[in-house]
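Protein chains: 2
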Amino acid sequence: MTAYTTTSLKAELNERGWRLTPQRETILQIFQNLPKGNHLSAEDLYHLLESQGETISLSTIYRTLKLMARMGILRELELAEGHKHYEINQPSPYHHHHLICVRCNKTIEFKNDSILRMGTKTAKKEGYHLLDCQLIIHAVCPACQRALLPI
Amino acid sequence: MTAYTTTSLKAELNERGWRLTPQRETILQIFQNLPKGNHLSAEDLYHLLESQGETISLSTIYRTLKLMARMGILRELELAEGHKHYEINQPSPYHHHHLICVRCNKTIEFKNDSILRMGTKTAKKEGYHLLDCQLIIHAVCPACQRALLPI
DNA sequence: TTTTTAATTGTGTACCATTATCAATAAAGT
DNA sequence: ACTTTATTGATAATGGTACACAATTAAAAA
Chain A
1 MTAYTTTSLK AELNERGWRL TPQRETILQI FQNLPKGNHL SAEDLYHLLE
51 SQGETISLST IYRTLKLMAR MGILRELELA EGHKHYEINQ PSPYHHHHLI
101 CVRCNKTIEF KNDSILRMGT KTAKKEGYHL LDCQLIIHAV CPACQRALLP
151 I
Chain B
1001 MTAYTTTSLK AELNERGWRL TPQRETILQI FQNLPKGNHL SAEDLYHLLE
1051 SQGETISLST IYRTLKLMAR MGILRELELA EGHKHYEINQ PSPYHHHHLI
1101 CVRCNKTIEF KNDSILRMGT KTAKKEGYHL LDCQLIIHAV CPACQRALLP
1151 I
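Chains as they are written, first to last, in our numbering: chain A, 1 to 151; chain B, 1001 to 1151.
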């Protein structure tokens, strides 16, 4: 959960025998410049790049998202149904969690520093190296409660 | 997060214009009799039923799992890669969370009552009706740290 | 700087969990 | 019992993600 630069990304990749490619650099920058609270699916990222005139194949996008999630650079979010979203994995003051309506998928972000503290403590206690820690609350939003819609 | 019986399940279903079927009753019982800490995928459940001589179609299993998750009877877990797992959604003393190794998928359960309290408080504050609340910690387990395996 | 090595990319294809379709069936209320 | 309509089961369809492999290219060695 540290802030990455191109240089530190390259260093960490090379340390493991991997390479910094223009594609990986571009994708890191996209996520770093994304407004707070925004998150992208693989498809989202593909089209965002497309709209900027750059093209990175979907395969590479999927591979890079997974790689960066497993390095702890990105958080993998399971928000709506069907596909994953990714956002930059930021340390304490920006660290947040999600309250999700299971019916309409309306999602609210909220902060709670003690959750990250608990996660850190639990991981440490078990000897795990922490990458990410997220509280997911599944619930029914006020509008959907009123709507009496079928589940 | 209350304990369901056949009767209360029927009541809650009928209240919404839905029906209690033998399939739904069977699936509820399976989960209620599952040893603590066990969770099943749709496929798992299908084969478990098969081994007991009962057969419920995969379609119905998928539909029922989703229905029960959205009613708050089951928790939908995103543990390993690729498919969801389900477990009974139990109140406080049994309520637990998951620490997952992103490399080998080794998963540790842990308890922490304050997390459920926080989730309840947050949902209430936003006017959401709480169904489930789970802390997911993504990390690298000790064995995988030593292994220096490729990500 | 050139060469060498092997990680990475892009294209196309395959996989597989989950959802949709729809006729047949069976709960629930009358 | 009868009617209504939610539910089931079989099958097909969907779609996100992973895989295979030849062509590139980053990184280290010469």
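C-beta atoms are modelled at their ideal positions from N, C-alpha and C, and glycine is treated no differently.
| What does a CB cutoff of less than 8 angstroms around L156(A) pick up in its chain, not counting 5 residues either side in sequence? | In the structure as shown, chain A begins at 1 and stops at 151. Residue 156(A) is therefore absent and cannot be evaluated.
| request: Could you check how far apart the C-beta atoms of I73(A) and N89(A) are, in whole angstroms? I think they sit under 8 angstroms. | output: Yes, they are in contact, since the Cβ atoms of I73(A) and N89(A) sit about 6 angstroms apart, within 8 angstroms.
| query | Looking only at its own chain, which residues have a Cβ that is under 8 angstroms from the Cβ of Y46(A), when we skip the five neighbours before and after it? | reply | I56, L58 and I61
| task | Please report the Cβ distance between H39(A) and L77(A), rounded to the nearest whole angstrom; I am assuming they are in contact, meaning their Cβ atoms lie under 8 angstroms. | result | 6 angstroms
| task | Quick one: measure Cβ to Cβ for E1081(B) and F1031(B), integer angstroms, because I've assumed they're closer than 8 angstroms. | result | About 23 angstroms separates the Cβ atoms of E1081(B) and F1031(B), ruling out a contact at the 8 angstroms cut-off.
| query | Which first and last residues belong to the beta strand (DSSP E) in which T1107(B) is found? | reply | T1107 to K1111
| request: Using the Cα positions of K124(A) and P1142(B), report the straight-line distance between them to the nearest angstrom. | output: Taking the straight line joining both Cα atoms gives about 10 angstroms.
| Which one of T6(A), L34(A), E50(A) and I136(A) has the shortest CA to CA distance from G1119(B)? | I136(A)
| query | Is A1011(B) helix, strand or coil by DSSP? | reply | The three-state secondary structure of A1011(B), taken from DSSP, is helix.
| request: Classify A1069(B) as buried or exposed, calling it buried when 16 or more other Cβ atoms lie within 10 Å of its own Cβ. | output: Buried: at least 16 other Cβ atoms inside 10 Å.
| query | Opposite L130(A) in the DSSP bridges: which residues? | reply | A1139(B)
| So is R177(A) in contact with chain B if we call contact Cβ pairs under 8 angstroms? | With chain A running from 1 to 151 in the structure shown, residue 177(A) is simply not present.
| task | Would you mind working out which of L1131(B), C1144(B), T1006(B) and A1147(B) sits nearest M1071(B), comparing C-alpha positions? | result | Nearest Cα to M1071(B) within the set L1131(B), C1144(B), T1006(B) and A1147(B): L1131(B).
| query | Should A42(A) go down as buried or exposed, given a rule of 16 or more other Cβ atoms within 10 Å for buried? | reply | With 16 or more Cβ atoms within 10 Å of its Cβ, A42(A) is classed as buried.
| query | Leaving out the 5 sequence neighbours to the left and right, which residues in its chain are closer than 8 angstroms to L28(A) when beta-carbon positions are compared? | reply | Excluding sequence neighbours, L28(A) sits near Y4, T6, L9, M68 and I73.
| With a CB to CB cut of under 8 angstroms and the five nearest residues on each side skipped, what residues in its chain are close to V140(A)? | C101, V102 and R103
| request: Kindly list, in the order they appear in chain A, the residues whose Cβ is closer than 7 angstroms to that of T1122(B). | output: L99, F110 and I137
| query | Taking the beta strand (DSSP E) that L99(A) falls in, what are its first and last residues? | reply | H96 to C101
| Residue range of the alpha helix (DSSP H) that includes E1054(B) | Premise fails: E1054(B) is in no alpha helix (DSSP H) and is neither H nor E.
| said: Need the endpoints of the beta strand (DSSP E) that E1076(B) sits in, please. | reply: L1074 to L1077
| query | Between the C-alpha atoms of T64(A) and H129(A), what's the straight-line distance to the nearest angstrom? | reply | 21 angstroms
| With which residues is I1088(B) paired in a DSSP beta bridge? | L1074(B)
| Q23(A) versus H83(A): straight-line alpha-carbon distance, rounded | 22 angstroms
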